[in-house]
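Peer 1:
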Amino acid sequence: MLGQGGDEALLRRARRGDRAAFDELVRAHTGRVYAVTLRITRNPSDAEDALQDAFLNAYRALDRFGGRAKVSTWLYRIAANAALDVVARRRAAVSLDDDAAPQPAALTDLFAASAQRQALEAALAALSDEFREALVLSDIAGLGTTEIGELLGIPPGTAKSRVFRARTQVAELLREPSAFDTVEGPR
Amino acid sequence: MTSDPTNDAVRALLHALGDEPAPADVIDRLERVLAAQLPAVPPGAGRRSPRRARRIAIGLAGPLVVAGVVAFAVVPRNDRTGVPALNGAVNAEAAKGSAAAGAAPGPTAPAGGASSMFDTVTTHPDPTAAAANGLAAAARAAYAAVEAALQHATP
Numbered sequence: 513m514l515g516q517g518g519d520e521a522l523l524r525r526a527r528r529g530d531r532a533a534f535d536e537l538v539r540a541h542t543g544r545v546y547a548v549t550l551r552i553t554r555n556p557s558d559a560e561d562a563l564q565d566a567f568l569n570a571y572r573a574l575d576r577f578g579g580r581a582k583v584s585t586w587l588y589r590i591a592a593n594a595a596l597d598v599v600a601r602r603r604a605a606v607s608l609d610d611d612a613a614p615q616p617a618a619l620t621d622l623f624a625a626s627a628q629r630q631a632l633e634a635a636l637a638a639l640s641d642e643f644r645e646a647l648v649l650s651d652i653a654g655l656g657t658t659e660i661g662e663l664l665g666i667p668p669g670t671a672k673s674r675v676f677r678a679r680t681q682v683a684e685l686l687r688e689p690s691a692f693d694t695v696e697g698p699r
Numbered sequence: 360m361t362s363d364p365t366n367d368a369v370r371a372l373l374h375a376l377g378d379e380p381a382p383a384d385v386i387d388r389l390e391r392v393l394a395a396q397l398p399a400v401p402p403g404a405g406r407r408s409p410r411r412a413r414r415i416a417i418g419l420a421g422p423l424v425v426a427g428v429v430a431f432a433v434v435p436r437n438d439r440t441g442v443p444a445l446n447g448a449v450n451a452e453a454a455k456g457s458a459a460a461g462a463a464p465g466p467t468a469p470a471g472g473a474s475s476m477f478d479t480v481t482t483h484p485d486p487t488a489a490a491a492n493g494l495a496a497a498a499r500a501a502y503a504a505v506e507a508a509l510q511h512a513t514p
């Protein structure tokens, strides 16, 4: 990841039409953007769609970056929006056709199979969607509670409470590995 | 895994998830999609941001106001000290004009004292009016510059 100064310089160049600068910005942030979209959508295919949507939307919105937030925050916010849109579309589709419900991601296939990683991913998977989305936006994307509240359509105080409770639940789950034996996929 | 993970430890672990690179095939596909779907130039490219335009406008307004104030201050002072070169030349022209008018008075030339009064008005402009004109010109220039900067920033 680049520093904030580097990000801003790249964004200014990209805004003037320098595609190479935008590509560099993409390369610098793809990892974290994908981490956010994957944990929100919980499906690699949906996460990839959201990843592509996020950078396409960011490019189209380059001239609307106000400079009040960090470039990275602005990008992760766009990514979170794209991921939440994908989830909303999926939920709508599932309500129309339950047979088409996506299967939970095979987490052990997706990531390095360290015990620590598996435990963390399983703990995240065990959270309710509301808690997981808030926690991912806070601790992976680094968004503040106000931004999380805006994205999820809840007051900042509720966002803060969800983040704290989600983090506490993950910590508790990590203390009790046996709890993962009964963890099921989303809904 | 820590044996007794605290909330801070959970936060650190989750943050570390974002430090990992995306899978190579995901990155390849992303690059292909961006190459195929992004326009060569982003919307609004080359347009100044509203924030920058505001900074430019503020930057221009200061010096232009100072220029107006200086114009206001300098013109009366020059008048008090006589502004010798310019007024002298103009007075010489006026004297010629008066002589010509006296030799061959035409229908437009005022008779007698009226002629010299006319000359005086044209060759010795009111210093207060000149200062006001200068200030107004500076204000107009400042307004035009600010308006141009803001228009440039507006889609």
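Going down the list, the protein sequences come from chains A and B. For the first sequence, the numbering used here assigns the number 513 to the initial residue and increments by one for each residue that follows. For the second sequence, the numbering used here assigns the number 360 to the initial residue and increments by one for each residue that follows. From the three backbone atoms N, C-alpha and C, an ideal C-beta is built for every residue, glycine too.
#1: Of all the CB atoms in chain A, is at least one closer than 8 Å to the CB of alanine 381 (chain B)?
#2: Counting along the chain, where does the alpha helix (DSSP H) carrying glutamate 659 (chain A) start and finish?
#3: Does the distance from the CB of alanine 521 (chain A) to the CB of phenylalanine 534 (chain A) come in under 8 Å?
#4: Short of 7 Å in beta carbon distance, which residues of its chain neighbour alanine 570 (chain A), apart from the five on each side in sequence? Order them along the chain.
#5: If contact is defined by three or more beta carbon pairs under 8 Å, each pair taking one atom from either stretch, is the region 677 to 687 of chain A in contact with the region 631 to 638 of chain A?
#6: Please list, in chain order, the chain A residues whose beta carbon lies closer than 9 Å to that of aspartate 387 (chain B).
#7: Provide the residue span of the alpha helix (DSSP H) that contains serine 640 (chain A), from first to last.
#8: Return the Cβ separation of glutamine 564 (chain A) and leucine 389 (chain B) in integer angstroms, given the expectation that the two are a contact with Cβ distance under 8 Å.
#9: Does the CB of aspartate 651 (chain A) have a neighbour CB from chain B at under 8 Å?
#10: Could you give the DSSP three-state label for leucine 419 (chain B): helix, strand or coil?
#11: Comparing the C-beta of proline 443 (chain B) with each C-beta of chain A, is any distance below 8 Å?
#12: Any idea if glutamate 560 (chain A) is buried or exposed, counting beta-carbon neighbours within 10 angstroms, 16 or more meaning buried?
#13: For valine 599 (chain A), is the classification buried or exposed, using 16 other Cβ atoms within 10 angstroms of its Cβ as the cut-off for buried?
#14: Which word fits arginine 414 (chain B), buried or exposed, when buried means at least 16 other C-beta atoms lie within 10 angstroms of its C-beta?
#15: Step through the CB atoms of chain B and report whether any lies within less than 8 Å of the CB of phenylalanine 567 (chain A).
#16: Which of helix, strand or coil does DSSP assign to leucine 632 (chain A)?
#17: What is the C-beta distance between phenylalanine 567 (chain A) and leucine 393 (chain B), in whole angstroms, given that I count them as a contact (C-beta under 8 Å)?
#18: So valine 675 (chain A) and alanine 646 (chain A) are supposed to be a Cβ contact under 8 Å. How far apart are they, rounded?
#19: Thinking C-alpha only, which one of A:Phe643, A:Glu662, A:Asp575, A:Ala594 is nearest valine 400 (chain B)?
#20: Alanine 613 (chain A) by DSSP, collapsed to three states: which one?
#21: Could you pull out every residue in the same chain whose Cβ sits closer than 7 Å to the Cβ of valine 648 (chain A), ignoring the five residues on either side in sequence?
#22: Should arginine 580 (chain A) be labelled buried (16 or more other beta-carbon atoms within 10 Å of its own) or exposed?
#23: Taking the C-alpha atoms as reference points, what is the distance between glutamate 642 (chain A) and proline 382 (chain B)?
#24: Is arginine 589 (chain A) near the ligand MG, with its Cβ less than 7 Å from a heavy atom?
#25: Output, in sequence order along the chain, the residues in the region 363 to 378 of chain B whose CB is closer than 8 Å to any CB in chain A.
#26: Taking C-alpha atoms, which residue in A:Pro668, A:Ala562, A:Ala605 lies nearest to alanine 594 (chain A)?
#27: Take arginine 677 (chain A) and list the residues in its own chain whose beta-carbon comes closer than 8 Å to its own, dropping the five residues that flank it on each side.
#28: What is the C-beta distance between aspartate 651 (chain A) and arginine 370 (chain B), in whole angstroms, given that I count them as a contact (C-beta under 8 Å)?
#29: Residues in its own chain within less than 6 Å of threonine 657 (chain A) by CB, not counting five upstream and five downstream?
#30: Using the beta-carbon of each residue, which ones in chain A are nearer than 7 Å to glycine 403 (chain B)?
#31: Are the CB atoms of alanine 501 (chain B) and alanine 420 (chain B) nearer to each other than 8 Å?
#32: Would alanine 430 (chain B) and alanine 497 (chain B) be called neighbours here (beta carbons separated by less than 8 Å)?
#33: Between which two residues does the alpha helix (DSSP H) carrying alanine 570 (chain A) extend?
#34: Do proline 402 (chain B) and arginine 601 (chain A) have their C-beta atoms closer together than 8 Å?
#35: Quick check on leucine 686 (chain A): does DSSP put it in helix, strand or coil?
Peer 2: Reading off the structure:
#1: Here the question's residue 381 (chain B) lines up with position 22 in the second sequence. Alanine 381 (chain B) has a beta carbon lying within less than 8 Å of a beta carbon in chain A.
#2: Here residue 659 (chain A) refers to the residue found at position 147 of the first sequence. Glutamate 659 (chain A) -> alpha helix (DSSP H) spans 657 to 664.
#3: Locating residue 521 (chain A) in the first sequence gives position 9, counting from the first residue. Locating residue 534 (chain A) in the first sequence gives position 22, counting from the first residue. Cβ distance not < 8 Å, so alanine 521 (chain A) and phenylalanine 534 (chain A) don't count as in contact.
#4: Here residue 570 (chain A) refers to the residue found at position 58 of the first sequence. Same-chain partners within the cutoff: Leu587, Ile590.
#5: Verdict: yes, contact present.
#6: In the second sequence, counting from the first residue as 1, residue 387 (chain B) sits at position 28. The premise fails here: aspartate 387 (chain B) is roughly 11 Å from chain A at the closest Cβ pair, so nothing lies under 9 Å.
#7: Here residue 640 (chain A) refers to the residue found at position 128 when the first sequence is read from its first residue. For serine 640 (chain A), no alpha helix (DSSP H) segment is defined, and its DSSP state is neither H nor E.
#8: Taking the first sequence and counting its residues from 1, one reaches residue 564 (chain A) at position 52. Taking the second sequence and counting its residues from 1, one reaches residue 389 (chain B) at position 30. Contact holds; Cβ gap of about 6 Å.
#9: The residue you call residue 651 (chain A) lines up with position 139 of the first sequence. At least one CB atom of chain B sits nearer than 8 Å to the CB of aspartate 651 (chain A).
#10: Along the second sequence, one-based indexing puts residue 419 (chain B) at 60. Collapsing the DSSP output to three states places leucine 419 (chain B) in a helix.
#11: As a first step, residue 443 (chain B) must be located in the second sequence, where it is residue number 84. Per-residue confidence for proline 443 (chain B) stands at a pLDDT of 47, beneath the threshold of 50, marking its modelled position as unreliable; no derived number is given.
#12: Reading the first sequence from its first residue, position 48 is the one you call residue 560 (chain A). Classification of glutamate 560 (chain A): buried, given that the 10 Å Cβ count is 16 or more.
#13: Working through the first sequence from its first residue, we reach residue 599 (chain A) at position 87. Answer is buried; the Cβ neighbour count reaches 16.
#14: Sequence index remark: in the second sequence, residue 414 (chain B) carries index 55 (1-based). Exposed, by the Cβ-count rule.
#15: Indexing the first sequence from 1 puts residue 567 (chain A) at position 55. The beta carbon of phenylalanine 567 (chain A) falls within 8 Å of a beta carbon belonging to chain B, placing the residue at that interface.
#16: What you label residue 632 (chain A) is simply residue 120 of the first sequence in a count that begins at 1. Here leucine 632 (chain A) sits in helix by DSSP.
#17: Walking along the first sequence from the start, residue 567 (chain A) turns up at place 55. Walking along the second sequence from the start, residue 393 (chain B) turns up at place 34. With a beta-carbon spacing of about 6 Å, phenylalanine 567 (chain A) and leucine 393 (chain B) fall inside the 8 Å limit used to define contacts.
#18: Numbered from 1 along the first sequence, position 163 holds the residue referred to as residue 675 (chain A). Numbered from 1 along the first sequence, position 134 holds the residue referred to as residue 646 (chain A). 5 Å between Cβ atoms; contact.
#19: For the purposes of this step, residue 400 (chain B) is taken as residue 41 along the second sequence, with counting starting at 1. Residue A:Asp575 is the option with its Cα nearest to valine 400 (chain B).
#20: Taking the first sequence and counting its residues from 1, the one referred to as residue 613 (chain A) is at position 101. Confidence at alanine 613 (chain A) is low in this model, with a pLDDT of 43, below 50, so its placement is unreliable and the value that follows should be read with caution. Correct three-state label for alanine 613 (chain A): coil.
#21: Within the first sequence, numbered from 1, the residue matching residue 648 (chain A) stands at position 136. Only residues of its own chain outside the window of five on either side were considered, and among them Val548, Arg551, Ile552 have a CB closer than 7 Å to the CB of valine 648 (chain A), listed in chain order.
#22: Position 68 of the first sequence holds residue 580 (chain A). It is exposed - the Cβ of arginine 580 (chain A) has fewer than 16 other Cβ atoms within 10 Å.
#23: As a working note, residue 642 (chain A) is residue 130 in the first sequence. As a working note, residue 382 (chain B) is residue 23 in the second sequence. Glutamate 642 (chain A) and proline 382 (chain B): Cα-Cα distance of roughly 27 Å.
#24: Here there are no bound small molecules, and the ligand MG is not part of this structure.
#25: Taking 8 Å as the cut-off between beta carbons, the residues of the region 363 to 378 of chain B near chain A are Asp363, Pro364, Thr365, Asn366, Ala368, Val369, Arg370, Leu372, Leu373, His374, Leu376, Gly377, Asp378, in sequence order.
#26: For the purposes of this step, residue 594 (chain A) is taken as the residue at position 82 of the first sequence. Ranking A:Pro668, A:Ala562, A:Ala605 by Cα distance to alanine 594 (chain A) puts A:Ala562 first.
#27: The residue given as residue 677 (chain A) occupies position 165 in the first sequence. Closer than 8 Å at the Cβ level, and outside the excluded window around arginine 677 (chain A), lie Phe643.
#28: Here residue 651 (chain A) corresponds to residue number 139 of the first sequence, with the count starting at 1. Here residue 370 (chain B) corresponds to residue number 11 of the second sequence, with the count starting at 1. Contact between aspartate 651 (chain A) and arginine 370 (chain B) is confirmed by a C-beta separation of about 5 Å, below the 8 Å threshold.
#29: Here residue 657 (chain A) refers to the residue found at position 145 when the first sequence is read from its first residue. The answer, listed in chain order, is Pro668, Ala671, Lys672.
#30: Working through the second sequence from its first residue, we reach residue 403 (chain B) at position 44. Residues of chain A with a Cβ closer than 7 Å to the Cβ of glycine 403 (chain B) are, in chain order, Asp575.
#31: Within the second sequence, numbered from 1, the residue matching residue 501 (chain B) stands at position 142. Within the second sequence, numbered from 1, the residue matching residue 420 (chain B) stands at position 61. Yes, they are a contact pair.
#32: Taking the first residue of the second sequence as position 1, residue 430 (chain B) is located at position 71. Taking the first residue of the second sequence as position 1, residue 497 (chain B) is located at position 138. Yes. Within cutoff.
#33: On the first sequence, residue 570 (chain A) is found 58 positions in, with the first residue counted as 1. Where alanine 570 (chain A) is concerned, the enclosing alpha helix (DSSP H) starts and stops at 556 to 572.
#34: If you number the second sequence from 1, residue 402 (chain B) lands on position 43. If you number the first sequence from 1, residue 601 (chain A) lands on position 89. Inclusion of proline 402 (chain B) and arginine 601 (chain A) in the CB contact set at 8 Å is not warranted, their separation being larger than that value.
#35: For this step, residue 686 (chain A) is matched to residue 174 along the first sequence. It is helical.
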